[in-house]
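Asker: Letter by letter, the sequence shown follows residues 107 to 373 of my numbering.
Note that beta-carbon positions come from the ideal geometry of N, C-alpha and C, so glycine has one too.
Shown below is the structure under consideration.
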Amino acid sequence: MTDRHQRMDLTATVDFGTAELVADPRHPGGWTLLVNDVAQSYVDLEDPTRLEMMYARLVAGVVDAVLPEGRAVDVLHLGAGGLTLPRHLAASRPGSRQLVIEVDRGLAEFVQYGLPVPPDSGIRLRLADAADAIREHAPDSTDLVISDVYRGGDMPTAVSGTGFAQYARRALRPGGLFVLNALDAAGLLATRRHAATVTAVFDHVAVVATPQMLRGRRDGNTLVVAADRPLPEHAIVAASGRHGATARVLTGEALARFIGGTSPLQG
């Protein structure tokens, strides 16, 4: 299906719209997943450690800065997309155990058909609602929770409030890391709200994004990351650079000024 010499774009109707897999003519193993004409993921089947999208590079940088590079980790992914980050972690941290939650059965089956995950990858896919999955997840059982859940460009309220953040904190082991991918517009109102929400639950929080995004004049992705110990700003910047991303990190007083009077999302 994904032979480098004969690749065809694929299209399917999925539970929440239309999904497409578009072959990258520059890279024999490269594919872009679009859902309702919006690029969601980029996957390189020949080199899963090659990350094309900026938000994925930033996530990889944060993870490598906080969790010792190369060490196997237990991961809970909320939202599957093209499984870019699970594939990356499986390749860069052999032996990792990863559970991926996806509510869209059609999308999950389409991605597995077009971009199959090797059976020995340590990646398990479960069809479930993300809010239900985090509530049911065993306490102190995972090193990393990555939340990337959207419906039609909006993050559902069930995975954006303080209650959700509390369940994420409960799932983490000591020293674990929570990463929330925030899709935002100029002004960064969503990022401020997510940062305020996570700060109400976790002891140590940072916003990580490119300098261009933090100027608040464009649409794109930011990360809200949290842990039970201080987050290493300089290490995050350095690790993100190794993944091809220029990162700026807001913590402490800078983060408090960024949040301002924004109230957390309850629920």
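1. Three or more C-beta pairs closer than 8 Å, one from the stretch 198 to 215 and one from the stretch 177 to 184: is that the case here?
2. For the stretch 140 to 151 against the stretch 230 to 238, do three or more pairs of beta-carbon atoms, one drawn from each stretch, fall closer than 8 Å, so that the two count as touching?
3. Going straight from the alpha carbon of residue 317 to that of residue 294, what length do you get?
4. My guess is that residue 154 and residue 113 are in contact by the Cβ rule of under 8 Å, so how many angstroms apart are they, rounded?
5. Going straight from the alpha carbon of residue 364 to that of residue 340, what length do you get?
6. So the candidates are 115, 124, 360 and 245; which of them puts its Cα closest to the Cα of residue 134?
7. Assuming residue 148 is part of the beta strand (DSSP E), what are its boundary residues?
8. For the putative contact between residue 291 and residue 325, defined by C-beta atoms under 8 Å, what is the C-beta separation to the nearest angstrom?
9. Just the Cα atoms here: how many angstroms apart are residue 346 and residue 165?
10. Helix, strand or coil for residue 166 per DSSP?
11. Is DSSP giving residue 213 helix, strand or coil here?
12. Is the distance from the Cβ of residue 267 to the Cβ of residue 371 below 9 Å?
13. Rounding to the nearest angstrom, what Cα-Cα distance links residue 221 and residue 139 in this structure?
14. Compare the Cα-Cα distances from residue 168 to each of 128, 225, 243 and 191 and report the closest residue.
15. Out of curiosity, what's the CA-to-CA distance linking residue 279 and residue 245?
16. Locate the alpha helix (DSSP H) running through residue 270, then write down its first and last residues.
17. Nearest to residue 160 by CA position, among 368, 276, 263 and 289, is which residue?
18. Report, in whole angstroms, the separation of the C-beta atoms of residue 313 and residue 332, which I expect to be a contact under 8 Å.
19. Check this for me: beta carbons of residue 223 and residue 251, under 9 Å apart or not?
20. Going by DSSP, what residues sit across from residue 253 in a beta bridge?
21. So, using beta-carbon positions, are residue 120 and residue 141 closer together than 9 Å?
22. If distances are taken between C-alpha atoms only, which option among 117, 130, 156 and 170 comes closest to residue 344?
23. Enumerate, from N- to C-terminal direction, the unbroken alpha helix (DSSP H) stretches of 4 or more residues contained entirely within the stretch 274 to 358.
24. Helix, strand or coil: which one does DSSP assign to residue 107?
Answerer: From the atom records:
1. Contact holds: three or more Cβ-Cβ distances are below 8 Å.
2. no
3. Taking the sequence shown and counting its residues from 1, one reaches residue 317 at position 211. Taking the sequence shown and counting its residues from 1, one reaches residue 294 at position 188. Approximately 13 Å between the Cα atoms of the pair.
4. Residue numbering aside, residue 154 sits at position 48 when the sequence shown is read from its first letter. Residue numbering aside, residue 113 sits at position 7 when the sequence shown is read from its first letter. The pair is not a contact, with the Cβ atoms about 17 Å apart (cut-off 8 Å).
5. As a first step, residue 364 must be located in the sequence shown, where it is residue number 258. As a first step, residue 340 must be located in the sequence shown, where it is residue number 234. Approximately 19 Å between the Cα atoms of the pair.
6. The residue given as residue 134 occupies position 28 in the sequence shown. Out of 115, 124, 360 and 245, 115 has the C-alpha closest to the C-alpha of residue 134.
7. What you label residue 148 is simply residue 42 of the sequence shown in a count that begins at 1. Note, residue 148: beta strand (DSSP E), 144 to 150.
8. As a position in the sequence shown, residue 291 is number 185, starting the count at 1. As a position in the sequence shown, residue 325 is number 219, starting the count at 1. Going by Cβ atoms, the distance from residue 291 to residue 325 rounds to 5 Å, so yes, they are a contact pair.
9. Counting from one through the sequence shown, the residue named residue 346 turns up at place 240. Counting from one through the sequence shown, the residue named residue 165 turns up at place 59. Straight-line Cα distance between these residues: approximately 8 Å.
10. Along the sequence shown, one-based indexing puts residue 166 at 60. Of the three classes helix, strand and coil, the one that applies to residue 166 here is helix, per DSSP.
11. Taking the first residue of the sequence shown as position 1, residue 213 is located at position 107. In this structure, residue 213 counts as helix in the three-state DSSP scheme.
12. Residue mapping note: residue 267 aligns to position 161 of the sequence shown, counting from 1. Residue mapping note: residue 371 aligns to position 265 of the sequence shown, counting from 1. Judged by beta-carbon spacing, residue 371 lies within the 9 Å limit of residue 267, meaning their Cβ atoms are closer than that value.
13. Taking the first residue of the sequence shown as position 1, residue 221 is located at position 115. Taking the first residue of the sequence shown as position 1, residue 139 is located at position 33. Approximately 10 Å between the Cα atoms of the pair.
14. For the purposes of this step, residue 168 is taken as residue 62 along the sequence shown, with counting starting at 1. The alpha carbon of residue 168 has as its nearest neighbour, out of 128, 225, 243 and 191, the alpha carbon of 191.
15. Here residue 279 refers to the residue found at position 173 of the sequence shown. Here residue 245 refers to the residue found at position 139 of the sequence shown. Straight-line Cα distance between these residues: approximately 8 Å.
16. Counted from its first residue, the sequence shown places residue 270 at position 164. Its alpha helix (DSSP H) spans residues 268 to 277.
17. Residue numbering aside, residue 160 sits at position 54 when the sequence shown is read from its first letter. Closest by alpha carbon: 289.
18. Residue mapping note: residue 313 aligns to position 207 of the sequence shown, counting from 1. Residue mapping note: residue 332 aligns to position 226 of the sequence shown, counting from 1. Their Cβ separation, rounded to whole angstroms, is 10 Å, which puts residue 313 and residue 332 out of contact at 8 Å.
19. Counting from one through the sequence shown, the residue named residue 223 turns up at place 117. Counting from one through the sequence shown, the residue named residue 251 turns up at place 145. Not closer than 9 Å, so no.
20. Position 147 of the sequence shown, counting from 1, holds the residue named residue 253. For residue 253, which the question treats as bridged, DSSP gives the partners 184 and 286.
21. Position 14 of the sequence shown, counting from 1, holds the residue named residue 120. Position 35 of the sequence shown, counting from 1, holds the residue named residue 141. Result yes, Cβ atoms of residue 120 and residue 141 sit closer than 9 Å.
22. In the sequence shown, counting from the first residue as 1, residue 344 sits at position 238. It is 170 whose Cα lies nearest to the Cα of residue 344.
23. 295 to 305, 317 to 320 and 339 to 348
24. Position 1 of the sequence shown, counted from the start, is the residue given in the question as residue 107. Confidence at residue 107 is low in this model, with a pLDDT of 49, below 50, so its placement is unreliable and the value that follows should be read with caution. Residue 107 falls in the coil class under three-state DSSP.
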